[in-house]
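**Student:** Be aware that the sequence shown starts at 334, since it is given in our numbering, and climbs by one per residue.
Glycine included, C-beta positions come from ideal geometry on N, C-alpha and C.
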Amino acid sequence: MKNLKELKKYPGNKRGADWILKPVDYRKYSVEDIPNLQPNEVNIIGMIAQNRGRKLRVTLCLVSELPEPQDQTGFIYDLLKDKKVEMAADNTRIRTGVERTISKMIEVYLLERVPQLRDAAGYKQRLMFWSDEIGNIPLDEIQPSEITAAKRKIKRAPATVNRYLSCLSAAFNYAQELNWVTINPMLNGRVRKESERKFERTRWLSDAERELLFEALKTSESPSLEDLVHFSLNTGCRKGEALGLSWSDVDFEANEITFRSVKLETVCNGAELVKGEVKLDLSHQVVEEGLKNGTKAKVLNMTNLGPVRNILLKRKIASSSALVFPKDPRRSWENLVKKIGLEDFTFHDLRHTAASYMVQDGLSLLEVAMHLGHKSTISTARYGHLSSKTTLKTGAAVSSRMYKNGSERTLNVH
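Okay, structure coming up:
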């Protein structure tokens with residue numbers, strides 16, 4: 334609040350805040366700037382008056398934010414002392430009403446819950462978008478329409494937009510735990526998610542693009558990028574799984590690779606409030622056990638993966654690290670893709686390419702799912718339309734049912 338004239342516009346009593354008018358050392362505004370102030374317009378619990386009917390210049394302040402007195406005594410500071418004792422005894426962590434804004438909710442959620450999440454940095458980035466857009470709105474006044482209006486400003490893929498929504502919804506759930514809100518305004522269809530099925534993305538390398546990529550890799554600025562790309566294309570593993578692979582997980586005698594760890598770009602060790610901003614304590618490039626889909630491990634046989642075995646043998650001889658791929662050549666990859674003009678292609682699309690090639694070669698969705706480490710064939714099914722071979726049996730079934738005797742039918746086309 335900039336000045337006392339704004340007090341009329343502020344429904345303080347509705348939000349349950351405990352206010353006080355405290356002295357200030359400027360002359361422009363005084364209590365006289367608020368004519369006909371009514372008790373139901375704001376919950377004022379104290380006022381300082383001077384002798385001979387004069388009124389001391391004041392400004393609006395939360396009791397909880399009133400500074401400790403120096404040599405001052407009296408009713409106001411006794412009230413302050415009692416109020417702080419009351420707040421200290423309140424173990425529900427319910428803040429005063431004026432603080433219950435979207436921004437405050439996000440701040441508390443970032444400090445108390447987000448550090449425990451795997452994608453803490455991503456959560457903060459997405460939540461700060463909401464804080465910037467709708468952060469000044471009180472929790473008890475937020476409308477689903479306001480969230481929807483802000484959502485339209487996220488110019489990203491549908492799946493990414495839904496991640497933004499999920500982060501905000503998680504913050505509201507935590508606010509419910511703190512008794513800040515009674516309901517999550519995003520649940521039960523109040524804020525609709527984007528349809529991901531309609532915009533499903535399956536980018537993969539054509540034969541010409543693959544050959545172009547292979548040639549460019551030979552002159553890459555990173556000595557390990559070529560090996561990492563060929564390894565990822567053949568195994569179909571995620572980038573984090575390749576970077577988290579250690580030599581102890583490669584069994585050359587049994588011809589097996591066991592993926593059991595991932596390398597994460599960032600891991601959060603904690604959070605603190607620094608000058609009004611939440612700062613995350615992040616560690617970078619950390620290897621953690623367990624795979625992205627929640628499974629502990631997946632095993633891949635190298636018997637028919639000659640290129641993969643050769644890459645691993647070559648790297649094993651020259652390696653001085655416990656990891657097969659100790660460095661992430663991310664910048665080299667980005668520069669290479671840009672150099673050869675490979676449009677709308679990410680490193681993860683190498684995994685999509687491996688899946689597409691397997692489906693196009695006639696392998697079943699179950700076989701492809703086993704190779705990729707999918708928990709079910711639901712994720713793998715997106716590649717089914719890429720192969721005409723998948724319709725050979727279905728087409729035969731339809732024809733044999735309609736033409737049991739094999740008799741030829743002539744269709745008149747008009």
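Going by CA-CA distance only, name the one from 655, 484, 588, 675 that's closest to residue 640.
**Tutor:** Comparing Cα-Cα distances from residue 640 to each of 655, 484, 588, 675, the minimum goes to 588.
**Student:** Within its chain, find whatever has a CB closer than 7 Å to the CB of residue 536; leave out the 5 residues flanking it on each side and keep chain order.
**Tutor:** Counting only Cβ-Cβ distances below 7 Å, and skipping sequence neighbours, we find 677, 678, 682, 685.
**Student:** Taking 6 Å as the limit between beta carbons, can you name the residues of its chain near residue 448, skipping five residues before and five after?
**Tutor:** Excluding positions up to five away in sequence, the list reads 601, 603, 604.
**Student:** DSSP three-state call for residue 590: helix, strand or coil?
**Tutor:** Looking at residue 590 - three-state DSSP - the assignment turns out to be strand.
**Student:** Tell me whether residue 569 sits in a helix, a strand or coil according to DSSP, three-state version.
**Tutor:** Residue 569: coil per DSSP, three-state reduction.
**Student:** Which class does residue 757 belong to by DSSP, given the choice of helix, strand or coil?
**Tutor:** Here the chain has residues from 334 to 747 only, and residue 757 is not among them.
**Student:** Assign residue 492 to one of two classes, buried (16 or more other C-beta atoms within 10 Å of its C-beta) or exposed (fewer than that).
**Tutor:** Classification for residue 492: exposed.
**Student:** Please go through the same chain and pick out, in chain order, the residues whose beta-carbon is closer than 7 Å to the beta-carbon of residue 456, but skip the five residues on each side of it.
**Tutor:** Contacts found: 447, 450, 500.
**Student:** Could you please give the first and the last residue of the uninterrupted alpha helix (DSSP H) stretch that includes residue 646?
**Tutor:** Residue 646 -> alpha helix (DSSP H) spans 639-651.
**Student:** Report all residues from its chain with a CB closer than 7 Å to the CB of residue 666; omit the five preceding and five following residues, and keep chain order.
**Tutor:** So the list reads 558, 680, once near-sequence residues are dropped.
**Student:** Looking at residue 563: is its Cβ nearer than 9 Å to the Cβ of residue 578?
**Tutor:** No.
**Student:** Three or more C-beta pairs under 8 Å: does that hold for the segment 655-674 against the segment 604-615?
**Tutor:** These segments do not touch.
**Student:** Here's the rule: buried if 16 or more other CB atoms are within 10 angstroms of the residue's CB, otherwise exposed. What is residue 525?
**Tutor:** That one is exposed.
**Student:** Apart from the five residues just before and just after residue 635, which ones in its own chain have a Cβ nearer than 7 Å to its Cβ?
**Tutor:** Same-chain partners within the cutoff: 588, 589, 590, 641, 642.
**Student:** Is the segment 515-525 touching the segment 644-654, taking contact as three or more C-beta pairs under 8 Å?
**Tutor:** Result no; under three Cβ-Cβ pairs closer than 8 Å.
**Student:** By the three-class DSSP mapping on this structure, what secondary structure does residue 598 have?
**Tutor:** Residue 598 falls in the strand class under three-state DSSP.
**Student:** Look at the alpha carbon of residue 689 and the alpha carbon of residue 695, and state the distance between them as a whole number of angstroms.
**Tutor:** Their Cα atoms are separated by approximately 10 Å.
**Student:** Can you name the start and end residues of the beta strand (DSSP E) that residue 633 belongs to?
**Tutor:** Looking at the DSSP string, the run of the beta strand (DSSP E) that includes residue 633 is 631-634.
**Student:** Taking residue 502 as the reference, which of 437, 460, 621, 649 has the closest Cα?
**Tutor:** Comparing Cα-Cα distances from residue 502 to each of 437, 460, 621, 649, the minimum goes to 460.
**Student:** How many Å lie between residue 671 and residue 433 at the Cα?
**Tutor:** Going from the Cα of residue 671 to the Cα of residue 433 covers about 46 Å.
**Student:** Hey, out of 538, 661, 452, 570, whose CA is closest to residue 706's CA?
**Tutor:** Answer by Cα proximity: 570.
**Student:** Going residue by residue through the segment 661-711, where are the continuous alpha helix (DSSP H) segments of at least 4 residues, counting only ones entirely within it?
**Tutor:** Segments of the alpha helix (DSSP H) lying fully in the segment 661-711: 663-673, 682-693, 698-705.
**Student:** Helix, strand or coil: which one does DSSP assign to residue 603?
**Tutor:** Strand, per DSSP.
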